[in-house]
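Chemist: Take a look at this one; I'll ask things after.
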């Protein structure tokens, strides 16, 4: 709510200047919604219940691990089954008794999300299944938790599911799985419909925001690990994933909070990909790598989807987003040229110019809009570029140190200037709110005083308390005022049209 009030206060001067609202109406709105306050966390109970469920689940697993080898095989299996059944009974009880209690549903989902993988891990240890402990327990955990995510509808459980996908991609036996590490994209795609469930279920903004952050982080973590073995097209695939992530957050609009993680992480990853493309050594490594068929086929399919997206954005006249969607196409073309063994230095220079142009555009946009995060982001990207470029041994330590100090001072000065400007704007807004409240209070008191003065009547005097002269003067004044009035006219009936005279056919013949 505080963000909406802050947005309203930013729009009021524009509406007044455009004539949509009067200054008095804007002041009444400021008096109605009050001063700008810092936003606070309102989901404290949910966080504490989820934390309690996580602690209970981990505590049970730690106790079993401590006494594990002192128990018989049958007793171990019984404890594993008991832990899994307890987690499922907890979820069933919450869904049956409190189906609308979000806090208890989140807590039960968190307990289930930790108990099931832990029980499967302990079950594999009972029978000394090395391959099971390496990869199979992660696959079965994902397979069992996926339907529970859509049944329980717990963001905590969905987040644990996403974390398990990250564990799967770095497991020791992931190379023995079907499709290897690339199987992680199937598990991530199966979790995507949960966004629609959260959106349809009342637009739980905090749940959407948390799930979006974890989902976006998991995508880039999986891309970092899974795309490491496809050296020829790894940069092109990473650029496509980054561009699509950014476009998802940009196309849903800034009004929806869950798109923010996709915009931030997608834009940051895209900048890193372009920054890597400025390195000549990367294009040399691509030319020396051995191409693989499956990654190239996937790249071609993603390029087709990127081309369709660019066409749709051009029809919508979203030209800024078209430039973002065109970056993967440029990187793929550069990858093809480098794979043929040409133009390493030329490609590095082209992407260097593109990177610096994007940083300059972001910096100018931030200064024009007085946006602190845009300005800081542009300066950070510029500093990152300098750090990467100064990694060249041709620069001395003195030159590197001087460049770092200058960039640090510039970032600090820009941040302080923007913070000072925002504080002044906030103080100015609060002053206008206080003035509007005082004017509104004065406006409410003035009609009340006028009404009380008009409704005041002198007390009626009976008997000898009223002098006859005063009564005679009042009667004379009343007769005079009545005489000045125009005489009352009697009401007149509206005039009707004359009654028509009807003639017979015989009379017409006689005439």
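Numbering (the UniProt record's numbering), first residue to last: 1 to 511. Idealized CB from N, CA, C, for every residue including glycine.
How close, in whole Å, do the beta carbons of residue 210 and residue 155 come, if the pair is a contact with beta carbons under 8 Å?
Modeler: Between residue 155 and residue 210 the Cβ distance is about 6 Å, and since that is below 8 Å, they are a contact.
Chemist: Are at least three pairs of beta-carbons, each pair with one atom in the segment 258–265 and one in the segment 308–316, less than 8 Å apart?
Modeler: No: the two stretches stay apart, fewer than three of their Cβ pairs being nearer than 8 Å.
Chemist: Out of curiosity, what's the CA-to-CA distance linking residue 203 and residue 101?
Modeler: Its pLDDT being 48, under 50, residue 203 is placed unreliably in this model, and the value from its coordinates should be taken loosely. When rounded, the distance between both Cα atoms is 16 Å.
Chemist: Taking only runs that begin and end inside the UniProt domain "DUF2157" (14–157), name each unbroken alpha helix (DSSP H) of 4 or more residues, in chain order.
Modeler: For the UniProt domain "DUF2157" (14–157), whole alpha helix (DSSP H) runs of length 4 or above, ordered along the chain, are 23–33, 44–66, 73–97, 102–126, 137–152.
Chemist: For residue 226, collect the residues of the same chain with a Cβ closer than 7 Å to its Cβ; drop the 5 residues on either side in sequence, then sort them by chain order.
Modeler: The residues are 169, 181, 182, 184.
Chemist: Which residues mark the beginning and the end of the alpha helix (DSSP H) in which residue 178 is found?
Modeler: Premise fails: residue 178 is in no alpha helix (DSSP H) and is neither H nor E.
Chemist: Rounding to the nearest angstrom, what Cα-Cα distance links residue 444 and residue 26 in this structure?
Modeler: Using only the alpha carbons, I get a separation of about 17 Å.
Chemist: Counting C-beta neighbours from all protein chains within 10 Å, is the total for residue 114 16 or more, i.e. buried, or is it exposed?
Modeler: Answer is buried; the Cβ neighbour count reaches 16.
Chemist: With DSSP as the reference, label residue 241 as helix, strand or coil.
Modeler: In the structure shown, residue 241 sits in a helix (DSSP, three-state: H, G or I).
Chemist: With residue 344 as the anchor, note down where its alpha helix (DSSP H) starts and where it stops.
Modeler: Start and end: 344–369.
Chemist: For residue 280, which of 347, 289, 299 has the nearest alpha-carbon?
Modeler: Of the listed residues, the one whose Cα sits closest to residue 280 is 347.
Chemist: When we look at the beta-carbon of residue 105 and count the other beta-carbons within 10 Å, is it buried (16 or more) or exposed?
Modeler: By the 10 Å Cβ count, residue 105 comes out buried.
Chemist: Given residue 126, which residues of its chain have a CB within under 8 Å of its CB, disregarding the five upstream and five downstream residues?
Modeler: Correct list, in chain order: 73, 76, 77, 80.
Chemist: Check each candidate in 247, 163, 195, 224 and name the one with the smallest Cα separation from residue 214.
Modeler: Closest option to residue 214, Cα to Cα, is 163.
Chemist: Which value, in whole angstroms, describes the spacing of the CA atoms of residue 139 and residue 278?
Modeler: Answer to the nearest angstrom: the Cα atoms are 39 Å apart.
Chemist: For residue 428 and residue 437, what's the separation of their Cα atoms in angstroms?
Modeler: Distance between the alpha carbons of residue 428 and residue 437 is about 14 Å.
Chemist: Can you tell me the Cα-Cα spacing of residue 432 and residue 30, whole angstroms?
Modeler: C-alpha separation (whole angstroms): 8 Å.
Chemist: Which residue comes first and which comes last in the alpha helix (DSSP H) that contains residue 264?
Modeler: Looking at the DSSP string, the run of the alpha helix (DSSP H) that includes residue 264 is 260–277.
Chemist: Taking the beta carbon of residue 512 as the centre, do at least 16 other beta carbons fall within 10 Å, making it buried, or is it exposed?
Modeler: Because the chain is modelled from 1 through 511, residue 512 falls outside the range shown and cannot be assessed.
Chemist: Let's test the definition: count the other Cβ atoms within 10 Å of the Cβ of residue 305 and tell me whether it reaches 16, buried, or not, exposed.
Modeler: Exposed, by the Cβ-count rule.
Chemist: Find out if the Cβ-Cβ distance for the pair residue 359, residue 382 is shorter than 8 Å.
Modeler: Yes, these two residues count as a Cβ contact at 8 Å.
Chemist: Which of the three DSSP states is assigned to residue 170 in this structure?
Modeler: Note: residue 170 maps to coil in three-state DSSP.
Chemist: CA-CA distance, residue 222 and residue 235?
Modeler: Cα to Cα, residue 222 sits roughly 14 Å from residue 235.
Chemist: Among the residues of its own chain, which have a CB less than 6 Å from the CB of residue 90, if the five just before and after it don't count?
Modeler: Around residue 90: 108, 111.
Chemist: Quick one: measure Cβ to Cβ for residue 250 and residue 340, integer angstroms, because I've assumed they're closer than 8 Å.
Modeler: Their Cβ separation, rounded to whole angstroms, is 34 Å, which puts residue 250 and residue 340 out of contact at 8 Å.
Chemist: Leaving aside the five residues before and after residue 334 along the sequence, list all residues of the same chain whose C-beta is less than 6 Å from its C-beta, in chain order.
Modeler: If we look at residue 334 and ignore the five residues flanking it on each side, its Cβ neighbours are 347.
Chemist: With H, G and I counted as helix, E and B as strand and the rest as coil, what does DSSP make of residue 431?
Modeler: Residue 431: helix per DSSP, three-state reduction.
Chemist: Quick one: using the 10 Å Cβ neighbour count with 16 as the cut-off for buried, is residue 446 buried or exposed?
Modeler: Burial call: exposed.
Chemist: Looking at residue 158: is its Cβ nearer than 8 Å to the Cβ of residue 136?
Modeler: Contact flag unset, no.
Chemist: Please classify residue 283 as buried or exposed, where buried requires at least 16 other C-beta atoms within 10 Å of its C-beta.
Modeler: When all chains shown are included, residue 283 counts as buried.
Chemist: If residue 165 and residue 188 are in contact, beta carbons under 8 Å, what's the gap, nearest whole angstrom?
Modeler: Contact holds; Cβ gap of about 6 Å.
Chemist: Could you spell out the range, first to last residue, of the alpha helix (DSSP H) harbouring residue 524?
Modeler: One cannot answer for residue 524 here, as it falls past the ends of the chain, which runs 1 to 511.
Chemist: So, at 7 Å on beta carbons, what are the nonlocal neighbours of residue 23 in its own chain, with the 5 sequence-adjacent residues on each side left out?
Modeler: Once the five neighbours on either side are set aside, the close Cβ partners of residue 23 are 16.
Chemist: Ignore the nearest five residues each way along the sequence and tell me which others in residue 117's own chain have a CB closer than 6 Å to its CB.
Modeler: Closer than 6 Å at Cβ, skipping near neighbours: 141.
Chemist: Let me know the secondary structure DSSP gives residue 295 once reduced to three states.
Modeler: Of the three classes helix, strand and coil, the one that applies to residue 295 here is helix, per DSSP.
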